[in-house]
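Sequence lines, in order, name chains D and Z.
For the first sequence, this note's numbering gives the first residue as 863, with consecutive numbering after it.
For the second sequence, this note's numbering gives the first residue as 44, with consecutive numbering after it.
Data first, discussion second: the structure below is written as structure tokens.
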Amino acid sequence: MKNEALKNISIKELLLQLADDDFIHSYRGAEWLGLAPHIEEDVASASISQDTMGHAAIFYKLLEELGEGDADRLAHDRPAKERRNAIILEAANGPGYYMKDPDYDWAFAVVRNYFYTEAKAIKIQSLQSSSYEPLAEVAQKVQMELYYHLMHWKMWFVQLLGSHHADAVSRMKAAIDKTLPDFAGVFSLGQYGEEMVELGLIDGGIQKKWVEAVTPIFESVGLATTFKIGMAKGDGRNGVHTEDLEAALETLSEVYASDKAASW
Amino acid sequence: MNVLFNEMTEQEKLNHFIARIEAGEKIEADDWMPEDYRGTLIKLISMHGISEIMGALPEKEWVPKAPTLNRKLGIMAKVQDEMGHGQILLRVAEDLLKPCGKKRDDLMQDLFNGDLKFHNVFHMEAKTWGDAGLIGWLVDGAAIISQTNMLGSSYGPYSRALHRICAEEVFHAQHGEAIIMALAEGTEQQRKLVQDSIDYWWESLLLFFGPPSKKEVGSSKQDITIKYRIRTSTNEELRQAFFSKYVKRILSLGYTIPDQTLRFDKESETWIYRQPDWGKLKVYARNEGPRSQGRLSLRRISYENNKWVREALAPKVM
């Protein structure tokens, strides 16, 4: 019985991590709408953000089916301390508000998107053989779209770093230095991580696989492969978050919160 | 044939061109065309393209705030479509601009310095979620009416682009209608959102189709676009079609239209309505609408902030 309870909580925790990661990641992507470097990129990245929101919705739906409450409520009506997303994903795109003076950094967007998509691809690969079957099923669907997301962000990463344009290269390096110190939060499986792995819900060692995947890409653009990956600001999986998330939640739930009982 | 064509006088070329469009033939980007035809198309299509892009902004404001997961997905898809339409249309405009030595960068500069205008509706604020729904329902509804009018355009690339665009616009109007229906069937507060939006947008929707003739604003391109078979109906015919399609629907939801003089005159079979303030079209054309500068500023910021990206991606000159 105790084992059953532990299993249930591990499944829910994992689903919350997956859902909250994609949800906030897509939100940050949506803030970029209309502001991307060129119109073609606006269309492409909007499509990716849309897919990602779709993935979040699928994961929230799985939670709903487990009796965790309405998917829309899970997405819009949980305070920051209950969110499980990695802290690096909630970090603002840059100074300013998306409607006024958004001083957003495309280098940070490319680096975070590429790193995250690579990590997500590793997780989704593993989830396809998850012992929790509903999750294994949706992982197949997500995998198909993820292939294109990864190709897209990898291309940007390599093009900008390989551009020999001094400003671009230095901005990209600065973005990498900003991202890695908090990026272990994406690999973390939180306090029930060991159980998740033992129960066969997901494979461990995600960080190691990630380093293996990005190493040749780093080498191809002449970057050092000494990865200083950390969780400087804490582990979002355990409900530790920043003001950036508070501000984002306020915006993304503005209409929902105006009448939680209403049908929208 | 080509040699012969090149030996023709300008008048003979023009006659040949008119004969082609009157026979329903499509003109392609590399075909000979009169300068005022090219000029009219450039103005029309670059304005249409940039309006799609500027038009993505009012709804983009509501993407992060959309109240449910499905609404978030729906409005994200719509904004993406609008940007996609902008891209397709700018490509069509770029081909026409080629002989003039202008590129997309020049179009962006024209937008920033006020030479390239965008549609009046996109100078307005989108203050509430109700506005986000109404834009999809009625602004896109109006756009469908005005664009369907040009599906048979004599300019092939524009006609083909419009076929694709109109197909997607139908989904947008349905998306907007779904938001509005949910609000209309909702709480008192939700119902009020819709009425406020109708009151705020009504005049802009009438202005959207343009003045009935050039006497209202001093100029109108409708004569030349009809002459060259770029479009078929007049501005007023399109506005009348809009009334016929939407007045009943709005009233049947229990809402009012902020024009007590609005009525259908059976004898003349036309809608009688209070004229909007046509002077506002000039105000918006000067980028002096409620949100004109705010939205232009967003595009300018994006253009300036990403200058390094364009430079890094530019082909290297060896």
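Note that beta-carbon positions come from the ideal geometry of N, C-alpha and C, so glycine has one too.
Fair warning: this is a prediction, and the values are worked out from it, not measured in the lab.
When the Cα atoms are used, what is the spatial distance from D242 of chain Z to I300 of chain Z? 7 Å
How long is the line joining the alpha carbons of S923 of chain D and F285 of chain Z, rounded to whole angstroms? Sequence inspection shows Lys at residue 923 of chain D; the Ser mentioned does not correspond to that position. For K923 of chain D and F285 of chain Z, the distance between alpha carbons rounds to 40 Å.
Give the interface partners of N163 of chain Z over in chain D, defined as CB-CB distance under 7 Å, in chain order. Here the premise fails: no neighbours, minimum Cβ distance about 19 Å.
Spell out whether any CB of chain D is found under 8 Å from the CB atom of R353 of chain Z. yes
Interface residues of chain Z facing H1027 of chain D [CB-CB closer than 7 Å]: E354 and A355
By the three-class DSSP mapping on this structure, what secondary structure does I170 of chain Z have? A small fix is needed here, since residue 170 of chain Z is Lys in this sequence, not Ile. Looking at K170 of chain Z - three-state DSSP - the assignment turns out to be coil, as it is neither helix nor strand.
With DSSP collapsed to three states, give me the class of K323 of chain Z. helix
Could you tell me which of D:K1035, D:A1124 and D:G1066 sits nearest to L1051 of chain D, measuring between CA atoms? Here the closest residue by C-alpha is D:G1066.
Backbone CA spacing between K115 of chain Z and I871 of chain D [nearest angstrom]: 28 Å
Output the distance between the C-alpha atoms of L132 of chain Z and K264 of chain Z, rounded to the nearest integer angstrom. 19 Å
Spell out whether any CB of chain D is found under 8 Å from the CB atom of I96 of chain Z. Yes, because at least one Cβ of chain D sits closer than 8 Å to the Cβ of I96 of chain Z.
I need the straight-line Cα distance from D932 of chain D to A1037 of chain D, nearest angstrom please. 37 Å
Between S1082 of chain D and chain Z, is any beta-carbon pair separated by less than 8 Å? Residue contact check for S1082 of chain D against chain Z: no CB pair falls below 8 Å.
Given that a residue counts as buried once 16 or more other Cβ atoms are within 10 Å of its Cβ, and exposed if not, what is K121 of chain Z? buried
Exposed or buried, G1055 of chain D, counting other C-beta atoms within 10 Å across all chains shown (16 or more means buried)? buried
Go through its chain and collect everything with a Cβ distance to I1091 of chain D's Cβ below 7 Å, but skip five positions before and after it. If you ignore the 5 residues before and after I1091 of chain D, its C-beta comes within less than 7 Å of the C-beta of L1042, F1045, A1046 and Q1069, all in its own chain and listed in chain order.
Between the Cα of R338 of chain Z and the Cα atoms of Z:T275, Z:I315, Z:A169 and Z:D74, which residue gives the shortest distance? Z:A169
When DSSP labels each residue in this structure, what does W314 of chain Z get in the three-state scheme? W314 of chain Z sits in a strand when the DSSP states are folded into three classes.
Straight-line CA distance for Y976 of chain D to Q1021 of chain D? 12 Å
Return no unless some Cβ of chain A is closer than 8 Å to the Cβ of M119 of chain Z. Looking at the structure shown, chain A is missing, and the protein chains on hand are D and Z.
Please list the residues of the stretch 230-241 of chain Z that have a C-beta atom closer than 8 Å to any C-beta atom in chain D, keeping them in chain order. T230, Q232 and Q233
Rank Z:S94, Z:V260 and Z:S247 by C-alpha distance to the C-alpha of L159 of chain Z and give the top, closest one. Per the C-alpha coordinates, the member of Z:S94, Z:V260 and Z:S247 positioned closest to L159 of chain Z is Z:S94.
Please classify M90 of chain Z: is it buried, with 16 or more other beta-carbons within 10 angstroms of its beta-carbon, or exposed? buried
Cα separation between R946 of chain D and T1088 of chain D? 28 Å
Can you list, in chain order, the residues of its chain with a C-beta nearer than 7 Å to that of V260 of chain Z? Leave out the 5 residues immediately preceding and following it. P254, W321, L324 and K325
Within 8 Å of any Cβ in chain Z, is that where the Cβ of E902 of chain D sits? Yes - at least one Cβ of chain Z is within 8 Å of the one on E902 of chain D.
Please confirm if D1039 of chain D has its CB atom under 8 Å from at least one CB of chain Z. no
Proximity of E212 of chain Z and A186 of chain Z at Cβ, strictly below 8 Å: yes
Extract the residue ranges of the beta strand (DSSP E) inside the stretch 961-999 of chain D, only unbroken runs of 3 or more that lie entirely within it. none
Looking at the unbroken beta strand (DSSP E) that takes in D308 of chain Z, where does it start and where does it end? R306 to D308
Cβ of S888 of chain D within 7 Å of any heavy atom in the ligand SAH? Looking for the ligand SAH in the displayed structure turns up nothing, as the structure carries no ligands at all.
Skipping 5 residues on each side, what residues in its chain have a beta carbon closer than 6 Å to that of E1007 of chain D? D913
Against chain Z: residues of the stretch 974-986 of chain D by CB proximity under 7 Å: none
Here's the rule: buried if 16 or more other CB atoms are within 10 angstroms of the residue's CB, otherwise exposed. What is A918 of chain D? Burial call: buried.
In whole angstroms, what separates the C-alpha of E893 of chain D from that of F921 of chain D? Distance from the CA of E893 of chain D to the CA of F921 of chain D, rounded to the nearest whole angstrom, comes to 22 Å.
Kindly list, in the order they appear in chain Z, the residues whose Cβ is closer than 8 Å to that of S993 of chain D. Simply none; closest approach about 27 Å.
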